[in-house]
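Peer 1:
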Amino acid sequence: MKYRQGDIIEINFHFPDVGFKPHFAIIVSNDELQELEGYLYVVLISSKKQNPEYAYTLTPEMVSYSFDKQSYVKCHILELSTNRDIIRKVGTIKRTYLLEIQEKIKEAIF
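Numbering (my numbering), first residue to last: 120 to 229.
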């Protein structure tokens, strides 16, 4: 398996209003899903703090990648993707924070 849960990736993220655009994201689905089905769920990372009630602030100690700007996980913006959509892996997020993000996603969507 090339990518794993918790990886920070650059991906061609699909936005309904503008089409595909390269963006950072975190793989939030489990590795078994990717292995069995060939797809994965990712959550968008953005430097824009729009809809702050759905944003999870990233800090340098949480991740192994240094973002150019303050970045936020947009817990209400998920995408179903495949490995071929991924441009590259840039880092990982520590498991403790990944679990917090997964909980915030549940709160935001459900």
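Every residue, glycine too, gets a C-beta built ideally from N, C-alpha and C.
(1) For Gly96, count neighbouring Cβ atoms within 10 angstroms of its own Cβ and tell me buried if that reaches 16, exposed if not.
(2) Near Cys194, what residues of its chain come up, given a Cβ to Cβ distance below 6 Å and the 5 sequence neighbours on each side ignored?
(3) Does DSSP put Tyr173 in a helix, in a strand, or in coil?
(4) Looking at C-alpha atoms only, which residue of Ile164, Asn170 and Thr178 is the closest neighbour of His142?
(5) Along the beta strand (DSSP E) that carries Glu180, what are the first and last residues, could you check?
(6) Quick check for students: name the residue ranges of the beta strand (DSSP E) that lie wholly in the region 120 to 199, counting only runs of 3 or more.
(7) Leaving aside the five residues before and after Asn202 along the sequence, list all residues of the same chain whose C-beta is less than 7 Å from its C-beta, in chain order.
Peer 2: Let me spell this out:
(1) Missing from the structure shown is residue 96; the chain here goes from 120 to 229 and no further.
(2) Counted from its first residue, the sequence shown places residue 194 at position 75. A distance below 6 Å between beta-carbons, with the five flanking residues on each side excluded, links Cys194 to the following residues of its chain, in chain order: Tyr173, Tyr175, Lys223, Ile224 and Ala227.
(3) Along the sequence shown, read from residue 1 onward, the residue named residue 173 stands at position 54. Here Tyr173 sits in helix by DSSP.
(4) Position 23 of the sequence shown, counted from the start, is the residue given in the question as residue 142. Out of Ile164, Asn170 and Thr178, Ile164 has the C-alpha closest to the C-alpha of His142.
(5) Taking the first residue of the sequence shown as 1, we reach residue 180 at position 61. Unbroken run through Glu180: none, as it is neither H nor E.
(6) 126 to 134, 138 to 146, 159 to 165 and 174 to 176
(7) Translated into the one-based positions of the sequence shown, residue 202 becomes position 83. Taken in chain order, the residues that qualify are Lys121 and Tyr122.
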